[in-house]
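Novice: Mind having a look at this structure? Questions to follow.
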Amino acid sequence: MPTLSTDPLPLPPTLRPSSASSSSALHSSLSFLLRRSSPWLSRRRCPAVACSAPRSVAPRASRGSSSSSVIVGDLEPAADPGVAFDKTFPIQHSAKVEGKIFVRFDQQNGENWVLTVGCTVPGTWILHWGVSYVDDVGSEWDQPPTEMRPPGSIPIKDYAIETPLEKPSTMMDGADCYEVNICVQSNSSIAAINFVLKDEETGAWYQHRGRDFKVPLVNCVPDDGNVVGANRGIGLWTGALGQLSNILLKTEATQEKPESSSCLSSESEEVRCIEGFYEEILLVKEVPIQNSVNVSVRNSPDDTKTLVSLETDLPGDVIVHWGVCRDDSKTWEIPSAPQPAETIAFKNKALRTLLQPKQQGNGASGLFTVDKEYAGFLFVLKLKGDSWLNCMGNDFYVPLPSSATDNQGEARSEGSQGHGMMEDHKEVSTTVYTDEIIKEIRNLASDISSEKSRNAKTKEAQESILQEIEKLAAEAYSIFRSAAPTFTDEAPAPEESIPSNISSGTGTGYEILCQGFNWESHKSGRWYMELEGRASELSALGFTIIWLPPPTDSVSPEGYMPRDLYNLNSRYGTVDQLKVLVKKFHEVNIKVLGDVVLNHRCAQYKNSNGVWNIFGGKLNWDDRAVVADDPHFQGRGNKSSGDNFHAAPNIDHSQDFVRKDIKEWLCWLRDEIGYDGWRLDFVRGFWGGYVKDYLDASEPYFAVGEYWDSLSYTYGEVDHNQDAHRQRIIDWINATNGTAGAFDVTTKGVLHAALERCEYWRLSDQKGKPPGVVGWWPSRAVTFIENHDTGSTQGHWRFPSGKEMQGYAYILTHPGTPAVFYDHIFSHYQSEISSLISLRNRNRIHCRSTVKIVKAERDVYAAIVDEKVAVKIGPGHFEPAVGHQRWSVAIEGNDYKVWQAS
Amino acid sequence: MEVSVVGNSQAKAGLATSRAVLFRPRIGDSSTFSSKSRVFTGQSQGSKRGKGGRRLSSTPVRVEEVLRRSLLSPSDVESFRQPDKVRLWVGLPVDSVTDGKCVNHARAIVAGLKALKLLGIDGVEIPAWWGVVEKEGRGKYEWSGYLALAEMVCEAGLELHVTLCFHGYRKQQQPVIPLPDWVMRVGEDDSSSIFFTDRSGRQYKDCLSLAVDELPVLDGRTPMEVYRDFCESFKSSFSAYIGSSIMGVSMGLGPDGELRYPSLQGCESSQVERVGAGEFQCYDRNMLKLLKEAAEACGNPLWGLGGPHDASGYDKSPSSNRFFKDKGGSWESLYGEFFLTWYSNQLIRHGDRLLSLASSIFGDSGVTVSGKIPLAYSWNEIDSHPLELTAGYYSTVNRDGYEEMAKMFAKNSCMVMLPGMDIRDDSARQLLGQIRAACRKHQVRVSGENSLLEGDIEQVKDVCTADDIDSFFYQRMGACFFSPEHFPQFTAFVGSTKRPRPHPDDIPKEEEERAEESLALTSDSILQMQTA
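So, in structure tokens, the structure goes:
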């Protein structure tokens with residue numbers, strides 16, 4: 001990447017001095033070099049030149065003034081009868097103040113760390129900040145706990161704090177310094193501190209690489225490129241918000257000085273690895289400065305010439321770029337000699353003269369002698385660092401008394417006329433004069449062909465324009481993006497698009513579920529122990545939740561005919577083995593779901609009629625706990641609130657005592673065993689509202705219900721439209737108030753039809769969305785292709801054989817929470833499944849990701865998820881369109897292919 | 001000298017002039033800096049020059065010492081090498097003004113406008129919605145939001161192209177900017193029958209049926225009168241800008257502003273790549289009445305009872321029923337010919353009414369009037385081109401339905417806006433070629449538009465270097481547009497089409513030589529074109 005420092009520009013030949021002496025030629029080329037580089041660079045890289053230039057000028061200047069026409073310091077005000085014109089023009093320009101933003105993170109003592117954010121540029125600095133918490137993956141900003149907030153902090157809405165930066169007692173590099181300290185407990189639940197710096201004076205916001213600054217406190221915070229303190233270069237897209245036109249961030253020059261580092265590992269689950277660091281980001285702020293230039297015109301003593309004297313209070317070297325004109329057209333010409341010292345011709349159109357520093361105080365002045373034949377004197381001023389000063393975008397124009405006016409009286413009247421013209425000029429000047437960089441550059445861009453813009457605006461100029469464009473674009477981008485709800489861009493997803501909180505319906509939103517058993521798992525009698533040996537492996541594969549088999553005493557060995565709910569010794573193992581297993585999964589960061597069968601329960605005793613409907617164990621309910629509408633079991637409860645499961649007495653959840661007992665039981669499972677959530681068996685059997693009641697009481701981390709009924713068929717063919725089917729599942733989820741998700745049976749069914757029959761068009765519904773629950777309520781859809789009932793040794797509804805990977809390619813790239821069946825994990829599919837899971841995690845696909853179906857034809861289905869991942873399944877051809885993403889193939893398998901955007 | 005051209009928007013004369021300009025040497029002659037279309041708008045050229053003149057200051061290079069990595073590599077700049085061709089426009093957000101009085105995302109738009117100006121974009125397009133401006137009641141116009149927006153655009157030194165949208169805007173099938181409330185109220189009365197209606201009686205409520213154009217259905221006024229009043233109101237409210245900053249006005253002609261029937265109503269937002277061919281929309285009471293009259297006039301009153309009974313439905317393949325079938329489909333029958341002629345003529349007449357209205361209002365102010373036509377390309381592998389037929393273009397494998405359209409545009413001296421220039425699809429490209437040929441034949445100028453930000457930008461680049469494309473409207477500004485993913489791509493695109501060229505004086509030696517080389521190259525290729 002060429003910068004000014006690495007890509008020196010050739011000297012334009014036109015700038016080669018033609019008439020000046022060799023010593024001034026040397027000087028002018030030096031000043032040219034200086035002008036070419038930024039003040040920062042010139043100071044850093046060629047200090048000798050910067051300092052010596054004025055010194056070498058001085059003697060020649062005085063020699064010049066003594067030998068020719070430059071007279072300094074004896075100018076008279078307008079009262080002088082010889083003065084034809086006298087006016088002071090205001091000059092507004094800006095000066096750059098350089099400084100830096102620094103971020104320091106230090107350990108104070110023990111667990112206490114201090115984050116210091118400071119700035120060495122004068123201003124009214126405000127730190128606008130927030131934190132993100134460890135357990136909150138989706139939302140970036142939250143308010144910090146009150147104890148973290150330094151005095152003077154003001155809460156902004158519910159996600160940020162604004163804290164003013166103060167001048168501390170110690171000075172930094174002798175410069176003004178403003179800073180704020182935030183104390184952080186390393187063992188707090190804060191994952192990162194996010195901030196931007198705001199300058200109240202200018203309204204400018206300072207970000208880091210176009211995003212918020214982020215100081216991670218936990219090493220699992222995703223690095224989106226805006227992390228401070230990471231050991232790598234900084235650059236690229238450093239957009240700031242607000243008045244960018246006068247803010248220049250120089251990230252190129254960033255110095256990173258990791259000062260101290262220490263590694264802590266706390267006892268919390270997250271691996272904490274906090275390192276102290278110190279980082280600086282250079283910035284330049286432009287501050288407006290008022291100066292003026294005074295111009296007075298009078299006749300030379302011998303009345304043959306006109307003398308124009310310029311006097312300004314501008315500091316430093318001031319070069320006057322000047323010429324004369326003959327009429328109102330203001331066409332620049334070079335006047336005939338003599339010319340003041342330190343003058344060079346510029347492209348035969350203008351002259352450049354260095355003004356002589358005043359003997360006392362700041363400022364410089366110069367006197368120019370012009371023949372009477374000219375009507376006007378034109379000039380612009382140039383300061384060091386290539387900043388040009390003009391008169392509201394136009395050249396300064398000074399009318400000269402015309403040559404015809406030889407006699408004094410007429411000259412005076414001409415003078416007054418001239419004065420009138422300047423009054424007009426002045427009016428304009430006060431109203432229009434806004435010295436915005438942007439305007440100048442814009443003029444430069446639009447009038448680049450203009451005859452008058454005769455400066456070398458080649459690559460250098462273009463580069464600066466491009467930088468300006470880029471800055472503006474970044475600004476527009478961040479405002480558009482943060483704009484209040486609009487529909488300018490992607491339509492808002494039907495539901496919340498970013499997971500904000502953990503809820504039992506979704507977990508974090510990034511969950512991947514493993515069904516940790518099959519229909520045969522009870523046979524060994526030691527399943528819990530077997531599974532324990534695979535916990536680490538499951539964790540490494542990327543699973544976050546495991547679903548364990550039903551744990552209770554059961555009439556059937558698989559556990560789905562529960563009897564004594566408080567007896568957790570089962571064919572899978574003992575209660576103690578279960579506890580060990582749960583603990584093991586927790587150690588490897590996997591949450592555990594208990595399979596709870598709430599619809600039915602097997603009785604231990606017969607009633608007086610010899611019907612099995614009296615329960616035993618701790619929950620010794622009688623026939624009032626059994627629904628009334630199944631004649632087999634002669635329940636005395638109310639009618640069932642759902643479908644009946646005919647193999648066992650169905651529980652009447654409308655009974656208060658039943659619900660109270662179930663809630664207690666669930667809470668006991670949570671506390672005693674350590675289950676994190678539930679897989680709810682046969683929820684078709686009772687109202688979802690009861691489920692909500694149970695979940696509210698047991699507060700699971702995740703819950704998913706099995707609502708399995710038949711898809712819609714016409715004449716034995718699966719219908720394309722399965723809206724009614726998924727609606728029933730949605731209705732159940734809705735009845736639970738969204739506290740539980742549900743297995744997406746619809747998606748499984750549609751996948752069956754699409755893959756079996758090679759009818760991939762089925763994977764888009766009439767509205768172009770996924771046809772399953774995942775198309776309507778993705779965050780609550782637990783997608784799966786097989787379970788212990790549909791597959792395994794039962795095979796009630798087996799997924800099309802050999803096409804399982806297409807199914808996984810679908811569910812593991814799509815929204816919803818995917819569930820992978822145990823039998824598939826430990827099969828020859830493992831490596832492919834593992835790649836898909838890591839792709840899902842890598843691209844942060846979550847249960848609410850957006851899916852855009854781009855193809856749904858006979859033999860191929862393709863979709864783009866979150867604009868980051870493209871997937872196709874089916875034998876047909878598909879390649880993702882090359883748009884603003886570049887796609888690279890990530891995984892390729894039998895009739896499926898997955899790409900990710902790079 | 002074509003002095004008479006000045007102030008006259010006659011396309012024919014204008015086109016001839018533009019060709020002449022096109023072949024003048026480009027580098028070193030500052031007057032060629034004006035792009036070709038300025039020739040059409042001769043009247044305003046003076047004022048533009050004047051403005052430009054004021055800006056010709058001697059100042060300029062003010063190098064921002066921003067040392068940071070540039071997203072735009074200097075090679076982008078280097079590639080700014082092609083001669084000026086097409087004029088480039090960028091559409092402002094659809095929702096720039098939604099409540100009539102204020103400008104949404106004003107700060108972002110201001111920054112965006114500056115960036116566009118620096119990039120050398122010619123101007124921006126503003127969609128002005130009927131449902132926003134005349135929301136309160138008939139004749140109660142609220143232009144202040146748009147005026148503020150226009151001022152922002154002029155401040156930035158950009159030109160303006162205003163699209164008068166007599167249709168509603170929907171996103172994900174949800175109305176976002178509907179038609180004015182008072183119009184919708186009229187529509188609620190079923191007996192009014194002011195909306196396009198399909199065979200099953202479903203109404204398309206995002207624009208009025210063309211059959212009511214001249215019926216006094218809107219509180220005693222005809223839609224044409226209401227459109228006229230709207231245009232007049234626009235003209236007087238923006239008189240300060242028209243002819244100086246506003247050089248172009250697009251007339252909304254139907255659904256999504258396009259001259260077509262809403263034949264895919266309800267399917268528009270479907271993301272499935274391919275839907276059915278749509279349905280004929282001739283079932284509102286007034287359309288049926290016109291159809292009946294036409295049928296009776298040709299002596300076949302039975303043909304006037306409804307549209308084709310054997311056309312396929314929205315979500316069915318066109319071959320699933322008889323009308324569009326390849327070989328012996330009803331479209332080839334006498335009845336088919338009758339119906340399709342009538343159906344397409346109604347559309348052309350509707351376009352003619354609106355465009356002649358616009359020309360009569362804006363023709364004397366140096367403003368170019370344009371209208372958009374659809375790009376109905378899918379299903380064109382079927383002989384009957386069913387999607388074109390239902391959209392209202394009687395274009396089949398053996399008939400060019402765009403001739404009539406082009407003639408109508410030529411008659412009104414209007415420019416055709418063609419969407420979908422970025423669609424990478426053979427039949428889309430083929431159809432674009434067909435439409436452009438028709439326009440060329442009738443000397444109608446064409447401007448292009450992209451349909452997506454993610455479209456095929458390479459294809460757009462090609463289009464923009466084509467001879468017959470007058471200007472290109474890049475749609476549309478917003479967060480995605482300025483995203484780090486998209487914006488550099490856009491700047492590269494701009495660089496490839498157009499570049500503000502420095503004065504020869506300012507080009508260092510080597511560059512000057514290269515510039516001359518490229519000039520030589522350019523003139524050579526032009527010569528080749530001329531002899532070809």
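Each protein sequence line maps, in turn, to chains A and B.
With the UniProt record's numbering applied, the first sequence has no gaps in its numbers, which climb one by one up to 902 at the end.
With the UniProt record's numbering applied, the second sequence has no gaps in its numbers, which climb one by one up to 532 at the end.
Idealized CB from N, CA, C, for every residue including glycine.
Remember, predicted model here, so these are calculated numbers, not experimental data.
(1) State the CB to CB distance for the pair N620/A and N613/A, rounded to an integer number of angstroms; the pair is presumed to be in contact (CB under 8 Å).
(2) Whole angstroms are fine: how far does the CA of N300/B sit from the CA of Q434/B?
(3) In chain order, what are the residue ranges of uninterrupted beta strand (DSSP E) at least 3 long that sit wholly in the region 186-234 of chain B?
(4) When you check each C-beta in the region 304-320 of chain B against every C-beta of chain A, which residues fall closer than 7 Å?
(5) Let me see if you follow: with CB-CB separation under 8 Å, is Q885/A close to chain B or not?
(6) Can you confirm whether I614/A, when its beta carbon is compared against all beta carbons of chain B, has any partner nearer than 8 Å?
(7) Any beta carbon from chain B within less than 8 Å of F368/A's own beta carbon?
(8) Would DSSP call P25/B helix, strand or coil?
(9) Using a 10 Å radius around the Cβ and a threshold of 16 neighbouring Cβ atoms, would you call R840/A buried or exposed?
(10) CA-CA distance, Q443/B and A410/B?
(11) In chain order, what residues of the same chain have a beta carbon less than 6 Å from the beta carbon of G418/A, not counting five sequence neighbours either side?
(12) Where G201/B and Q766/A are concerned, what is the direct C-alpha to C-alpha distance, given to the nearest angstrom?
(13) The alpha helix (DSSP H) spanning E458/B covers which residue range?
(14) Just the Cα atoms here: how many angstroms apart are E273/B and A863/A?
(15) Let me know if Q359/A comes out buried or exposed under the rule of 16 or more other beta-carbons within 10 Å of its beta-carbon.
(16) Taking only heavy atoms of the ligand HEM into account, decide whether any of them is closer than 7 Å to the Cβ of H586/A.
(17) Between D468/B, P127/B, L389/B, which lies nearest to L432/B when the distance is taken from Cα to Cα?
(18) What is the DSSP secondary structure of N734/A, counted as helix, strand or coil?
(19) Quick check: is the beta carbon of Q766/A nearer than 8 Å to any beta carbon in chain B?
(20) Can you pull the chain A residues whose beta carbon is under 7 Å from the beta carbon of S483/B, in chain order?
(21) Could you check the C-alpha separation between H824/A and Q830/A for me, to the nearest Å?
(22) Any beta carbon from chain B within less than 8 Å of A25/A's own beta carbon?
(23) Go through its chain and collect everything with a Cβ distance to L340/B's Cβ below 8 Å, but skip five positions before and after it.
(24) Where does A364/A sit, in a helix, a strand or coil, going by DSSP?
(25) Please report the straight-line C-alpha distance between E151/B and P484/B, rounded to a whole angstrom.
(26) Ignore the nearest five residues each way along the sequence and tell me which others in G573/A's own chain have a CB closer than 7 Å to its CB.
(27) When you compare the CB positions of E142/B and L92/B, do they come within less than 8 Å of one another, or not?
(28) List the residues of chain B that E881/A touches, going by C-beta distances under 9 Å, in chain order.
(29) V86/B: which of S447/B, R476/B, Q459/B, S233/B sits nearest, CA to CA?
(30) Can you tell me whether DSSP reads G118/A as helix, strand or coil?
(31) Does DSSP classify S492/B as helix, strand or coil?
(32) Mind checking V212/B: buried by the 16 CB within 10 Å criterion, or exposed?
(33) Distance check for L259/B and L253/B, CA to CA, integer angstroms please.
(34) I want to know whether the region 329-342 of chain A touches the region 106-121 of chain A - three or more CB-CB distances under 8 Å.
(35) So I785/A and E804/A are supposed to be a Cβ contact under 8 Å. How far apart are they, rounded?
(36) How should T124/A be labelled, buried or exposed, when 16 other C-beta atoms within 10 angstroms of its C-beta is the threshold for buried?
Specialist: According to the structure data:
(1) If you number the first sequence from 1, residue 620/A lands on position 620. If you number the first sequence from 1, residue 613/A lands on position 613. N620/A to N613/A, Cβ: 12 Å. No contact.
(2) Position 434 of the second sequence, counting from 1, holds the residue named residue 434/B. Position 300 of the second sequence, counting from 1, holds the residue named residue 300/B. Using only the alpha carbons, I get a separation of about 33 Å.
(3) 195-197, 203-208
(4) D315
(5) For the purposes of this step, residue 885/A is taken as the residue at position 885 of the first sequence. Chain B, which has a Cβ nearer than 8 Å to the Cβ of Q885/A, makes this yes.
(6) The count along the first sequence starts at 1 and reaches residue 614/A at position 614. By this cut-off, I614/A is not an interface position.
(7) Counting from 1 along the first sequence, the entry for residue 368/A is found at position 368. Not closer than 8 Å to any Cβ of chain B, the Cβ of F368/A fails to qualify, so no.
(8) For the purposes of this step, residue 25/B is taken as residue 25 along the second sequence, with counting starting at 1. Note on P25/B: pLDDT 32, under 50, position unreliable in the model; the coordinate value appears next. Coil, per DSSP.
(9) One-based indexing of the first sequence puts residue 840/A at position 840. That one is buried.
(10) The count along the second sequence starts at 1 and reaches residue 443/B at position 443. The count along the second sequence starts at 1 and reaches residue 410/B at position 410. If I take the Cα positions, the gap works out to 7 Å.
(11) In the first sequence, counting from the first residue as 1, residue 418/A sits at position 418. With a pLDDT of 34 at G418/A, under the threshold of 50, the modelled position of this residue cannot be trusted; read the value that follows with caution. Closer than 6 Å at the Cβ level, and outside the excluded window around G418/A, lie F85, P399.
(12) Along the second sequence, read from residue 1 onward, the residue named residue 201/B stands at position 201. Along the first sequence, read from residue 1 onward, the residue named residue 766/A stands at position 766. Straight-line Cα distance between these residues: approximately 20 Å.
(13) One-based indexing of the second sequence puts residue 458/B at position 458. Start and end: 457-464.
(14) As a working mapping, residue 273/B is identified with position 273 in the second sequence. As a working mapping, residue 863/A is identified with position 863 in the first sequence. The pLDDT assigned to E273/B is 46, lower than 50, so where the model puts this residue is not dependable, and the model offers no usable value.
(15) Counting from 1 along the first sequence, the entry for residue 359/A is found at position 359. Q359/A should be labelled exposed.
(16) Judged by which ligands are present, the structure shown has none, so any question about the ligand HEM falls away.
(17) Mapped onto the second sequence, residue 432/B falls at position 432. Minimum Cα distance to L432/B is reached at D468/B.
(18) Here residue 734/A corresponds to residue number 734 of the first sequence, with the count starting at 1. If DSSP states are grouped into helix, strand and coil, N734/A belongs with the helices.
(19) Here the question's residue 766/A lines up with position 766 in the first sequence. True, the Cβ-Cβ gap to chain B drops below 8 Å.
(20) If you number the second sequence from 1, residue 483/B lands on position 483. Neighbours of S483/B on chain A, chain order: Y477.
(21) Mapped onto the first sequence, residue 824/A falls at position 824. Mapped onto the first sequence, residue 830/A falls at position 830. Their Cα atoms are separated by approximately 7 Å.
(22) The count along the first sequence starts at 1 and reaches residue 25/A at position 25. Reliability fails at A25/A, whose pLDDT of 33 lies under 50, so the model's placement of it is uncertain and no value is given.
(23) Start at 1 with the first residue of the second sequence, and residue 340/B comes out as number 340. Correct list, in chain order: W331, L389, Y394.
(24) Reading the first sequence from its first residue, position 364 is the one you call residue 364/A. Reduced to three states, the DSSP call for A364/A is strand.
(25) By one-based count along the second sequence, residue 151/B stands at place 151. By one-based count along the second sequence, residue 484/B stands at place 484. Answer to the nearest angstrom: the Cα atoms are 28 Å apart.
(26) The residue you call residue 573/A lines up with position 573 of the first sequence. Taken in chain order, the residues that qualify are R526, W527, Y528, M529.
(27) Residue numbering aside, residue 142/B sits at position 142 when the second sequence is read from its first letter. Residue numbering aside, residue 92/B sits at position 92 when the second sequence is read from its first letter. The answer is no: Cβ separation not under 8 Å.
(28) The residue labelled residue 881/A in the question sits at position 881 within the first sequence. The sequence given here places Ala at residue 881/A; Glu does not occur at that position. Those within 9 Å of A881/A in chain B are R424, E454, G455, D456.
(29) Along the second sequence, one-based indexing puts residue 86/B at 86. Answer by Cα proximity: S447/B.
(30) On the first sequence, residue 118/A is found 118 positions in, with the first residue counted as 1. If DSSP states are grouped into helix, strand and coil, G118/A belongs with the strands.
(31) For this step, residue 492/B is matched to residue 492 along the second sequence. In the sequence under discussion, the amino acid at residue 492/B is Ala, which differs from the Ser named in the question. Three-state result, A492/B: helix.
(32) Working through the second sequence from its first residue, we reach residue 212/B at position 212. Buried, since its Cβ has 16 or more Cβ neighbours within 10 Å.
(33) Reading the second sequence from its first residue, position 253 is the one you call residue 253/B. Reading the second sequence from its first residue, position 259 is the one you call residue 259/B. Between L253/B and L259/B, the C-alpha separation is close to 5 Å.
(34) no
(35) Against the first sequence, residue 785/A aligns to sequence position 785. Against the first sequence, residue 804/A aligns to sequence position 804. The pair is a contact, with the Cβ atoms about 6 Å apart (cut-off 8 Å).
(36) Taking the first residue of the first sequence as 1, we reach residue 124/A at position 124. Exposed: under 16 other Cβ atoms inside 10 Å.
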